[in-house]
Each structure stands twice: as C-alpha cells, then as structure tokens.
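FYI, this note's numbering numbers position 79 of the sequence shown as 253, with every residue one higher than the one before it.
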Amino acid sequence: MSILIDKSARVLVQGITGRQGAFHAKLMMDYGTDVVGGVTPGKGGEWFEGKPVFDTMRMAVETTNADVSLVTVPARFAADALLEAADACIKLVICLTEHIPVADMMKVIAFCRRRGTRLIGPNCPGVMTPGQAKVGIIPAMVATAGNVGVVSKSGTLTYEVGFAMKNAGIGMSTIVGIGGDPVIGTTFVDILEMFENDPETEKVALLGEIGGSAEIAAADFIKNSMTKPVAAFVAGRSAPPGKRMGHAGAIVDGGEGSAEEKILALEAAGARVAANPEEIPGLLA
C-alpha cells in the first residue's frame, strides 16, 4: 500500500523540454514511473523520449488521461502552470520550483482547494513510493520498499535519512517532501493523517526544521490522533534568530519557530526525537 502515488499514476511533466524537466523526466521513466507526456507552450506536437508534448494542460489531460503533474518550470511561470494544472482537473500536482512569491502561492492554493486538486510543494523534492513510482527529484538509490512512511520539509534530510534507513534494512511505504516555503499546499498534518489511515504504513519518520509552526501542529495531531509510532528530527538547533537557514520558511522570528520549541512539543506528544538524522533508523527499529 502507499499514499498519493503508486504504479498506476499517469504523470505529465510541465516544462518537459527544459533542462530540469527533461533531466528528471528521464530519471522518472527509468525508475518505471508512467510518464505519459509533457507540456511546454509553443512546442506542442514535438516528442520527448517517445512521449508527446502538448501546448496546454487541458489538451494533455484529455489526450493522455493523466492524473498527476510535475511542475518544473521557472518561478516566473510556475503560478500560472499550477493554476493551469488544477483547471485541467489534475488530482495531484507536485511543484519542484522555488522562489515563487508567497502572494502568488496563496492564490494558487485557494484555487487548488476549490478544484479538488492536491498540491505538494512548492520548493519540494517530490513524492516516491519505492518500487512503484517516483515523481520529483528523490534519488532512486535512497529507498527500498517497506512499512515506514517518511514526511519531510527538506530534500537533503530526506535523502540522508532514507539512505541511513536503507542501510539499516528499513524500507519505506511512501516518501513525501512537503517543501520548506512559508506557504505550502500540503502540511505535515495532512500527510500524517494519510499515513495513519494507510494499513501498510506501520511507523512514521517526520523530518522538520526551524521556522513556522508546522511541527507544533504535527505534534498536536500525533498526541491526539496518531496510533502509530513516530520518530522525528528537527534541523537547526544552532541557527541564530533572524537568520534564514536554507529554505525561505526556515527562520526563527520573534522567538517562535525554534528547534527547541518544536522538539519539546514532539517529545510531549510521544514522538521519539533524534539528536541527528543518523539516529532515526535506531529509533524506528
């Protein structure tokens, strides 16, 4: 079992003829993901690795019956690409693009909710169900199939923890990178609820960082609604207040969003919190 994607996912890549889109589309296809085509305005009628390229999402969806889209276009075009995907009734949109203005994302998220489209990201590494499909940039080598769900703000942390789990013989049901921007389409709580309801996910690893209150909300959900054990790590213990650390949302502001605050909340909720990412496999074993 898995959440969000499995081998039946039919994927379009928005920006498939660009450098990033082409590179990751090929890796996804090599992994076995069913990439059914791509969209690049002005390049409709061309082909990419035997897959058709369309001018519009609506035409692509009508022709291919796709239900998942990966957005790889530059930031100045990304909001429009996301709106177009939702308008074409795509069920799941995963956005890799970073530096999208917050005001644009607020409009996009509201539109996606009205259309019933699940948005992952922006500024995220994507989603991977090991052995079935990957949509995004998560390396194939970091994961094997198993019963631990992984949800993370950080792509790099995802890869590090995934590789450590793999080396420890621990497999994953689905890996979800929700993104590190201040405004995102899907939260920790959303994914925790999906894992809680997935009969083949038996444990969960949550990887957070400083900034915002998403981990606090996750702790509240773990305390009140999770029956499955959770191991967690929060990056940024040594981050100075007022300094952005990597992601746009990774900043401690006004004394809120610190690693200590989040760690205490997660521990109080019953999660086992690692001091460093390499401890996660041991906490899950």
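Every residue gets a Cβ at the ideal spot worked out from N, C-alpha and C, and that includes glycine.
Quiz item: So who's on the other strand from GLY351, going by DSSP bridges?
Solution: Position 177 of the sequence shown, counted from the start, is the residue given in the question as residue 351. DSSP output for GLY351 lists GLY300 and SER326 as bridge partner(s).
Quiz item: Among all the DSSP beta bridges, which residues are the ones paired with ALA405?
Solution: Here residue 405 corresponds to residue number 231 of the sequence shown, with the count starting at 1. In DSSP, ALA405 forms a bridge with ALA379 and ARG446.
Quiz item: Can you name the start and end residues of the alpha helix (DSSP H) that GLY195 belongs to?
Solution: The residue given as residue 195 occupies position 21 in the sequence shown. Run containing GLY195: 193-205, per the alpha helix (DSSP H) assignment.
Quiz item: Within 6 angstroms: the Cβ of PHE197 and any heavy atom of the ligand SAH?
Solution: The ligand SAH is not among the ligands present in this structure, which contains no ligands whatsoever.
Quiz item: What does a CB cutoff of less than 6 angstroms around ASP241 pick up in its chain, not counting 5 residues either side in sequence?
Solution: Here residue 241 is taken as the residue at index 67 of the sequence shown, counted from 1. The answer, listed in chain order, is ARG184 and LYS265.
Exercise. Rank PRO373, SER432 and LEU440 by C-alpha distance to the C-alpha of ALA406 and give the top, closest one.
Key: Residue mapping note: residue 406 aligns to position 232 of the sequence shown, counting from 1. It is LEU440 whose Cα lies nearest to the Cα of ALA406.
Quiz item: So, are the CB atoms of LYS327 and GLU383 less than 7 angstroms apart?
Solution: Counting from one through the sequence shown, the residue named residue 327 turns up at place 153. Counting from one through the sequence shown, the residue named residue 383 turns up at place 209. Yes, Cβ-Cβ distance for LYS327 and GLU383 is below 7 angstroms.
Quiz item: Thinking just about the alpha-carbon of each residue, which of VAL245, ALA252, THR238 and LEU458 is nearest to the one in GLY145?
Solution: Given that the chain is displayed from residue 175 to residue 459, the structure contains no residue 145 and the question cannot be resolved.
Quiz item: Taking ALA260 as the reference, which of MET280, VAL363 and ARG232 has the closest Cα?
Solution: Taking the sequence shown and counting its residues from 1, the one referred to as residue 260 is at position 86. Ranking the options by Cα distance to ALA260, first place goes to ARG232.
Quiz item: Tell me which same chain residues have a C-beta within less than 6 angstroms of the C-beta of VAL210, skipping the five on either side of it?
Solution: Counted from its first residue, the sequence shown places residue 210 at position 36. Correct list, in chain order: ARG184, THR238 and ALA240.
Quiz item: Whose C-beta lies closer than 8 angstroms to the C-beta of ILE390 among residues of the same chain, with five residues either side of it excluded?
Solution: Indexing the sequence shown from 1 puts residue 390 at position 216. The answer, listed in chain order, is GLU435, LYS436 and ALA439.
Quiz item: At what residues does the alpha helix (DSSP H) containing ILE454 begin and finish?
Solution: Residue numbering aside, residue 454 sits at position 280 when the sequence shown is read from its first letter. ILE454 -> alpha helix (DSSP H) spans 454-458.
Quiz item: Name the DSSP bridge partner or partners of PRO226?
Solution: Walking along the sequence shown from the start, residue 226 turns up at place 52. TRP221, per the DSSP bridge assignment.
Exercise. State the Cα-Cα distance for the pair ILE468 and ALA448, rounded to the nearest angstrom.
Key: Residue 468 cannot be examined here, being either before or after the span of the chain that is shown, 175 to 459.
Exercise. Measure the CB-CB distance between LEU331 and LEU293 and report whether it falls below 7 angstroms.
Key: Counted from its first residue, the sequence shown places residue 331 at position 157. Counted from its first residue, the sequence shown places residue 293 at position 119. No, these two residues do not count as a Cβ contact at 7 angstroms.
Self-check item: Same chain only: Cβ atoms within 6 angstroms of GLU376, ignoring 5 sequence neighbours per side
Solution: If you number the sequence shown from 1, residue 376 lands on position 202. Cβ neighbours of GLU376 beyond the five flanking positions: ASN321.
Self-check item: Check whether PRO299 and GLY351 have beta carbons under 7 angstroms apart
Solution: Residue numbering aside, residue 299 sits at position 125 when the sequence shown is read from its first letter. Residue numbering aside, residue 351 sits at position 177 when the sequence shown is read from its first letter. Their beta carbons are under 7 angstroms apart, which means PRO299 touches GLY351 by this criterion.
Quiz item: Since LYS281 sits in a beta bridge, which residues does DSSP pair it with?
Solution: The residue labelled residue 281 in the question sits at position 107 within the sequence shown. For LYS281, which the question treats as bridged, DSSP gives no partner whatsoever.
Quiz item: Do you know how far the Cα of CYS269 is from the Cα of LYS200?
Solution: Here residue 200 corresponds to residue number 26 of the sequence shown, with the count starting at 1. Here residue 269 corresponds to residue number 95 of the sequence shown, with the count starting at 1. If I take the Cα positions, the gap works out to 17 angstroms.
Quiz item: If you count every other CB in all the chains shown that lies within 10 Å of the CB of SER399, and 16 or more means buried, which is it?
Solution: Within the sequence shown, residue 399 is the residue found at index 225, counting from 1. The residue is exposed, with fewer than 16 neighbouring Cβ atoms inside 10 Å.
Self-check item: Rounded distance between the beta-carbons of VAL309 and MET202, thought under 8 angstroms
Solution: The sequence position of residue 202 within the sequence shown is 28, counting from 1. The sequence position of residue 309 within the sequence shown is 135, counting from 1. With a Cβ gap of about 7 angstroms, MET202 and VAL309 count as contacting.
Quiz prompt | Residue closest to ARG196, alpha-carbon to alpha-carbon, out of TYR333, ILE177, LEU244 and GLY456 | solution = Position 22 of the sequence shown, counted from the first residue, corresponds to residue 196. According to the sequence shown, residue 196 is Ala rather than Arg. Of TYR333, ILE177, LEU244 and GLY456, the smallest CA-CA separation from ALA196 is found for LEU244.
Quiz item: In chain order, what residues of the same chain have a beta carbon less than 6 angstroms from the beta carbon of MET279, not counting five sequence neighbours either side?
Solution: For the purposes of this step, residue 279 is taken as residue 105 along the sequence shown, with counting starting at 1. These residues qualify, in order along the chain: VAL357.
Exercise. Helix, strand or coil for GLY336, going by three-state DSSP, please let me know.
Key: Taking the first residue of the sequence shown as position 1, residue 336 is located at position 162. When secondary structure is reduced to three states using DSSP, GLY336 falls in the helix class.
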